[in-house]
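Visitor:
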Amino acid sequence: MRKAVRVLIACLVAVVLATAILLAAAMQEPVVRRATIAMPDWSAGARPVRVAFLSDVHVAGPDMPPSRLRRIVGQVNALRPDVVLIAGDFVSDKRVATRRYPAMEALAPLAQLNAPLAKAAVLGNHDHWRGATEVSKALKAAGIRVLSNQAMTIGPVRIGGVDDESTGHADVRATLRAMNAALGARVLLSHTPDITPKVPDDVTLVLAGHTHCGQIRLPLLGAVSYMSIYGDRYACGQRKEGARRVITTAGLGTSVLPFRLGAPPEVWLLTLGPSER
């Protein structure tokens, strides 16, 4: 009997320790990843543009209260980006959330983002599940433009924003038409990287999130799931396919469980500029 009690206590201690470690990993300061992208259609004489690329904020307790998002905003501002692009999933309804926040309260810290050229975003599946109208209003209040199968020109860059595919709101063709309506180096922002095979080769850069880089990547076994129909093809980091580059970020928050392992939260700082001639 005493042995059974000792085993039970040991198991409980192990569970508590594992939970604490995984939660701490989810709440660590984001890693800053940097890349320089040569854009073949860059306007002659235009200076390079620094883009802070974020995704999957998933504001909810315990791992991403608005106070933590406010700290992350400060870290992003310290990078001095010209542009901030965010690839959706701003809110979260994970079942184990200790607190869920109204979108207006959750996203208020984003108003402090400093980006002299523009702040733009697309919505993700969680945003549509919670309510696209509510999330869009909160983003507008924070000074962030929501692109829903639309495009905008930011300096020498033409940004297309595809709405969420998994909830049936994506229209890649409409987005491409909008991108083609004006000149500029072509960048496509999408919540999921799964739209990539539908994108023509003349779109130089695709930016996406959604996969969380697996979120929990077990030693030797890898990720439990990448949440992509293409498996690990576009699951994490940079992938070059012909003249196009795809960057999938691990994002900042969590989904389902407030844990991370082997896939730390991250922010990308991209320097977009001309190709060598």
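In the numbering used here, the protein residues as written are -15 to 261.
Glycine residues also receive a C-beta, built at the ideal position from the N, C-alpha and C atoms.
#1: Which residue's Cα is closest to the Cα of Pro49: Leu97, Met23, Val33, Ala87?
#2: Quick one: residues in its chain with C-beta nearer than 8 Å to the C-beta of Lys78, no 5 flanking neighbours on either side, listed in chain order?
#3: Please check the pair Leu191 and Leu202, which I expect to be a contact at CB under 8 Å, by giving their CB distance rounded to whole angstroms.
#4: Quick one: what's got a C-beta closer than 6 Å to Cys220's C-beta in the same chain, skipping five residues either side?
#5: Assign Pro249 to buried or exposed, taking buried as 16 or more other Cβ atoms, counted over all protein chains shown, within 10 Å of its Cβ.
#6: Along the chain, where does the alpha helix (DSSP H) that runs through Ala121 open and close?
#7: By Cβ distance below 8 Å, which residues in the same chain neighbour Ala162 in space, the five residues on each side in sequence not counted?
#8: Could you check whether Arg217 and Val187 sit closer than 8 Å to each other, using their CB atoms as the reference points?
#9: In angstroms, rounded to a whole number, what distance separates the CA positions of Gln199 and Val80?
#10: Fully enclosed by the region 14 to 92, which beta strand (DSSP E) runs are 3 residues long or longer?
#11: If you draw a straight line from the alpha carbon of Leu63 to that of Ala36, how long is it in whole angstroms?
#12: Nearest-angstrom Cα distance between Val146 and Asp73?
#13: Taking the C-alpha atoms as reference points, what is the distance between Ile254 and Arg54?
#14: Based on DSSP bridge pairs, tell me the residues matched to Met136.
#15: If distances are taken between C-alpha atoms only, which option among Ala71, Ile213, Leu189, Gly127 comes closest to Gly226?
#16: To which residues does DSSP link Leu241 through a beta bridge?
#17: Quick check: does the Cβ of Ala62 come within less than 7 Å of any heavy atom belonging to the ligand NAD?
#18: Can you give, in chain order, each stretch of the alpha helix (DSSP H) that sits fully within the region 187 to 258 and has at least 4 residues?
#19: Helix, strand or coil: how does DSSP classify Leu1 here?
#20: Expressed to the nearest angstrom, what Euclidean distance is found between the alpha-carbon atoms of Ala102 and Ile213?
#21: Which residue wins for smallest C-alpha separation from His175, given the options Gln12, Ala165, Ala105?
#22: If I measure Cβ to Cβ from Arg18 and keep anything under 8 Å in the same chain, skipping five residues before and after, which residues do I get?
#23: Cα separation between Thr137 and Val33?
#24: I need the DSSP call for Val156, collapsed to helix, strand or coil.
#25: Please report the distance separating the alpha-carbon of Ala9 from that of Ala22.
#26: Between Val60 and Leu97, which are expected to be in contact by the criterion C-beta below 8 Å, what is the C-beta distance as a whole number of angstroms?
#27: For Asp66, does the count of other Cβ atoms within 10 angstroms reach 16, so buried, or fall short, so exposed?
Guide: Inspection of the coordinates gives the following:
#1: Restricting attention to Leu97, Met23, Val33, Ala87, the CA atom closest to the CA of Pro49 is found in Ala87.
#2: Excluding sequence neighbours, Lys78 sits near His42, Ala44, Thr238, Ser239, Val240, Leu241, Pro242.
#3: Not quite, the Cβ-Cβ distance comes to about 27 Å (not below 8 Å), so this is no contact.
#4: Cys197, Thr232
#5: By the neighbour-count rule (16 or more Cβ atoms within 10 Å), Pro249 is buried.
#6: The question names Ala, but residue 121 in the sequence shown is Lys. Looking at the DSSP string, the run of the alpha helix (DSSP H) that includes Lys121 is 116 to 125.
#7: Residues Asn133, Gln134, Ala135, Gly144 of the same chain have their beta carbon placed closer than 8 Å to that of Ala162, with the five preceding and five following residues left out of the count.
#8: no
#9: 16 Å
#10: 15 to 23, 33 to 38, 67 to 70
#11: 8 Å
#12: 13 Å
#13: It should be pointed out that residue 254 corresponds to Leu in this sequence rather than to Ile. Answer to the nearest angstrom: the Cα atoms are 22 Å apart.
#14: Ile143
#15: Leu189
#16: Answer is none; Leu241 lacks a bridge partner.
#17: The ligand NAD is not among the ligands present in this structure, which contains no ligands whatsoever.
#18: none
#19: Low confidence applies to Leu1: its pLDDT is 48, below 50, so where it sits in the model is not reliable enough to give any reading.
#20: 32 Å
#21: Ala105
#22: Trp252, Leu253, Leu254, Thr255
#23: Each residue's Cα considered, the two are about 13 Å apart.
#24: helix
#25: Note that Ala9 has pLDDT 48, beneath the 50 cutoff, so the model's placement of it is unreliable and no number is given.
#26: 6 Å
#27: buried
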